[in-house]
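Be aware that the sequence shown starts at 26, since it is given in the working numbering, and climbs by one per residue.
Even for Gly, the Cβ is constructed at its ideal location relative to N, Cα and C.
Everything below concerns the one structure shown next.
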Amino acid sequence: MHRISSILALAACAIAPLAPLAAQAPATATQGRPTADLVVLNARIYTADGMRPVVDAMAVRDGRVVFVGDRAGAQALVGSATRTLDLGGRTVIPGMTDAHAHVAGLGAALRNVDLVGTTSYAQVIARVVERAAATPKGEWVIGRGWDQNDWGDTRFPTHEALSRAVPDHPVYLTRVDGHAGLANAMAMQRAGVNKDSKDPAGGSIERDAAGNPAGVFVDNAQGLVSRAIPGATRAQTKQAIASAIAEMHRWGITAVHDAGASPQVLELYEELGREKALNIRLYAMISDNAAAIEAWFKRGPQSGLHDGMLWVRSIKLYQDGALGSRGAALLEPYADDPKTSGLLVSAPAHIQDVATRALKAGFQVNTHAIGDRGNRLVLDSYEAALRANPTADHRFRIEHAQIIHSDDIPRFAALGVIPAMQASHQTSDMYWAGTRLGETRLRGAYAWRSLIESGVVIANGSDFPVELVNPLISFEASVSRQDARGWPAGGWYPEQRMTRDEALKSMSLWAAYAGFQEKELGTLSAGKWADFVVLDQDVMRVPAEMILDTKVLSTWVAGRPVYERK
Ligand SMILES: [Zn+2]
Numbered sequence: 026m027h028r029i030s031s032i033l034a035l036a037a038c039a040i041a042p043l044a045p046l047a048a049q050a051p052a053t054a055t056q057g058r059p060t061a062d063l064v065v066l067n068a069r070i071y072t073a074d075g076m077r078p079v080v081d082a083m084a085v086r087d088g089r090v091v092f093v094g095d096r097a098g099a100q101a102l103v104g105s106a107t108r109t110l111d112l113g114g115r116t117v118i119p120g121m122t123d124a125h126a127h128v129a130g131l132g133a134a135l136r137n138v139d140l141v142g143t144t145s146y147a148q149v150i151a152r153v154v155e156r157a158a159a160t161p162k163g164e165w166v167i168g169r170g171w172d173q174n175d176w177g178d179t180r181f182p183t184h185e186a187l188s189r190a191v192p193d194h195p196v197y198l199t200r201v202d203g204h205a206g207l208a209n210a211m212a213m214q215r216a217g218v219n220k221d222s223k224d225p226a227g228g229s230i231e232r233d234a235a236g237n238p239a240g241v242f243v244d245n246a247q248g249l250v251s252r253a254i255p256g257a258t259r260a261q262t263k264q265a266i267a268s269a270i271a272e273m274h275r276w277g278i279t280a281v282h283d284a285g286a287s288p289q290v291l292e293l294y295e296e297l298g299r300e301k302a303l304n305i306r307l308y309a310m311i312s313d314n315a316a317a318i319e320a321w322f323k324r325g326p327q328s329g330l331h332d333g334m335l336w337v338r339s340i341k342l343y344q345d346g347a348l349g350s351r352g353a354a355l356l357e358p359y360a361d362d363p364k365t366s367g368l369l370v371s372a373p374a375h376i377q378d379v380a381t382r383a384l385k386a387g388f389q390v391n392t393h394a395i396g397d398r399g400n401r402l403v404l405d406s407y408e409a410a411l412r413a414n415p416t417a418d419h420r421f422r423i424e425h426a427q428i429i430h431s432d433d434i435p436r437f438a439a440l441g442v443i444p445a446m447q448a449s450h451q452t453s454d455m456y457w458a459g460t461r462l463g464e465t466r467l468r469g470a471y472a473w474r475s476l477i478e479s480g481v482v483i484a485n486g487s488d489f490p491v492e493l494v495n496p497l498i499s500f501e502a503s504v505s506r507q508d509a510r511g512w513p514a515g516g517w518y519p520e521q522r523m524t525r526d527e528a529l530k531s532m533s534l535w536a537a538y539a540g541f542q543e544k545e546l547g548t549l550s551a552g553k554w555a556d557f558v559v560l561d562q563d564v565m566r567v568p569a570e571m572i573l574d575t576k577v578l579s580t581w582v583a584g585r586p587v588y589e590r591k
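Structure follows, in structure tokens:
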């Protein structure tokens, strides 16, 4: 079995000879050689290419990098139609890849009225009124993020003021923690909730003195209203995908691996591609749906559709649940609940069956596994599938790979399995992970360094909208293992930190490798797509506690700006 790191070293060598050719012939632009469409000058360009990691100039033609090197070399490619971007010493990095995220989920979240940070009920109502004015009457207005503890009156609100202000739209506003929701009169009417509605198990309906629902529904009672909210229409989902892409551009993301796309979403990606409206490199994993998987196996793996924008050649499966809800499958019981050791979402035989068929069809399999038992079972299933169908370059992945038994860490490299890990989960979970797992298991938790040293690459990501979109949150967590406030001092199990070079690669070259894209993306090297980001400070050199202050000044896909900061 190939070692992943040596494959990547070879890939870097194979494309390197293109660059020196351009460098040796600085005068060619005036001798009839095609000039560049764009040259980037006076920048500190981190290429993520080990052959020439830092350069100060770059040239682009037809959407691809044609030169990386010094100013003179790039200037030699300037012609009358060339755009020159003088960056005054700013930092450039390859466009960032989020190798595990939920694109339509982000789009849906962005569609909601954002109520985070509101300081009064009146302010909440004002935001809803504004949205309702732009929404056809009778259509739902959904919001999230209110917290009555931030208001003058910290009691739960009642629906009357909201119902008076927004009488013609059903409204449902989820509290900041997701454990309560506020409905207006029309929403309660649509949901058939009234005085006679009973509190469900594990939930309660807030009531007025007369026993009528007062508007707030707590925990399981939320379902009484939320089940009346219709799913998004096709047009709304398409719009949601477009706004998710715009949001990613804002944060410097030029490539994303969608960790589970439904047949409808896959169809919309293709439609957007045909309309030339897909301007992000989208690596879409097919959701675990028997009919969809069968259809895609028949069609075969698809790479770089619509001018290098869409890849469909992988299947997303689930082995276990999540750590926060004690659904992650553990080899030993939970430290804080010895009665349970988690649950399996799919039978291991199912993972093995899909993996076996995927190898025959030329598809990759990416399975969610969080607990040490979940990870071991997936490795077992992959191993059995590979024994039946030995395949050199399968690049099977485990998504999250959060808690791994020390015996299983070397199996990733031995089997050629890529851990796709979201560094932001470590800094989100570290406050309570120890209570769930106990000291011993924490040593194999979020074990980036142990995995890298075993000979694998890590594909980094965020898992948005579970976490925030900003990819620098995972970059910062990767190098510091501290939260945004620098806690804990020295980092949480700091021996597992990545270097900045590794963290950058985990969001560029290594992520591209995890999507079979490393010949096209992942480094700023001659021949690859010119996807890059301009930053206002040098994330590779500023103190770690300053990384999250970094602003994206512009984002470029195929040599064209898709975002420019005002
Ligand atoms: Zn996910």
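Same chain, Cβ closer than 6 Å to residue i, neighbours up to 5 away in sequence not counted
i, result
"Ser-449", "Ser-487, Glu-492, Ile-498, Ser-499 and Ala-502"
"Thr-18", "The question about residue 18 has no answer here: the residues shown for the chain are numbered 26 through 591."
"Ala-190", "Ile-150 and Val-154"
"Ser-531", "Ile-483 and Asn-485"
"Leu-529", "Ala-73"
Cα-Cα separation between residue i and residue j, rounded to whole angstroms
i, j, result
"Gln-447", "His-125", "7 Å"
"Thr-144", "Ala-151", "12 Å"
"Arg-169", "Ala-147", "15 Å"
"Ala-536", "Leu-573", "21 Å"
"Ala-569", "Tyr-538", "27 Å"
"Arg-590", "Leu-335", "26 Å"
"Trp-517", "Met-455", "7 Å"
"Asn-237", "Pro-182", "14 Å"
"Asn-219", "Asp-361", "40 Å"
"Asp-418", "Thr-262", "35 Å"
"Leu-560", "Asp-526", "16 Å"
"Asp-244", "Gly-203", "8 Å"
"Ile-294", "Ala-239", "Position check: residue 294 holds Tyr in this sequence, whereas Ile was assumed. In a straight line, the C-alpha of Tyr-294 is about 42 Å away from that of Ala-239."
"Ala-174", "Asp-139", "Before going on, a small fix: residue 174 reads as Asn here, not Ala. If I take the Cα positions, the gap works out to 17 Å."
"Lys-162", "Ser-188", "14 Å"
"Ala-439", "Asp-378", "21 Å"
"Arg-58", "Arg-306", "30 Å"
"Gly-206", "Val-241", "6 Å"
"Ala-134", "Ala-265", "9 Å"
"His-393", "Trp-176", "40 Å"
"Pro-363", "Gly-396", "15 Å"
Residue range of the beta strand (DSSP E) that includes residue i
i, result
"Gln-389", "389-394"
"Thr-109", "108-111"
"Asp-123", "121-126"
"Pro-373", "Not the beta strand (DSSP E): Pro-373 falls in the alpha helix (DSSP H), residues 373-386."
"Tyr-197", "196-200"
"Phe-242", "238-244"
"Trp-517", "Element bounds for Trp-517: n/a, residue is neither H nor E."
"Gly-168", "166-171"
Residues near residue i by beta carbon distance below 7 Å, same chain, minus five either side
i, result
"Leu-534", "Leu-33, Ala-73, Glu-543, Gly-547 and Thr-548"
"Trp-276", "Val-494, Asn-495, Pro-496 and Val-577"
"Gly-329", "Trp-336 and Glu-545"
"Gly-352", "Asp-345, Gly-346, Gly-367 and Leu-368"
"Gly-584", "Asp-62, Leu-63, Val-85, Gly-88 and Ala-555"
"Ala-470", "Gln-427, Ile-428, Ala-458 and Leu-462"
"Asn-414", "Thr-381, Leu-384 and Lys-385"
"Val-582", "Gly-120, Thr-279, Asn-304, Ile-305 and Asp-556"
Neighbourhood of residue i by C-beta, 8 Å cutoff - its chain only, sequence neighbours within 5 removed
i, result
"Ala-246", "Asp-224, Pro-225, Gly-228, Ser-229 and Ile-230"
"Asp-95", "Ala-48, Val-80, Asp-81 and Ala-82"
"Ala-212", "Trp-165, Pro-195, Val-196, Tyr-197, Val-250 and Ala-253"
"Asp-233", "Thr-183 and Ala-239"
"Arg-436", "Leu-404, Glu-408 and Val-442"
"Glu-424", "His-125, Ala-284, Lys-341, Asn-391, Thr-392, His-393, Ala-394 and Ala-445"
Chain B contact for residue i (CB, 8 Å cutoff)
i, result
"Ala-257", "Going by chain labels, chain B is absent from the structure shown, which holds only one protein chain."
Endpoints, alpha helix (DSSP H) assigned at residue i
i, result
"Gln-289", "288-299"
"Ile-150", "146-158"
"Leu-303", "Premise fails: Leu-303 is in no alpha helix (DSSP H) and is neither H nor E."
"Gly-333", "330-333"
heavy atom of ligand 3 below 7 Å from residue i C-beta
i, result
"Asp-233", "Only ligand 1 can be found as ligands here, which leaves ligand 3 out of the picture."
Notebook entry, point to check: Given 8 Å as the limit, is there contact between the stretch 352-365 and the stretch 424-433, that is, 3 or more CB pairs closer than that?
Noted result: yes
Checklist entry - Pairing CB atoms from the stretch 73-93 with CB atoms from the stretch 218-228, are three or more of them under 8 Å? => result no
Three or more beta-carbon pairs under 8 Å between the stretch 435-444 and the stretch 394-411, yes or no?
yes
- Counting pairs of beta carbons, one from the stretch 120-137 and one from the stretch 77-85, are three or more of them closer than 8 Å? no
Item checked: Under 5 Å, CB to nearest heavy atom of ligand 1: contacting residues -> Ala-284 and Asp-488
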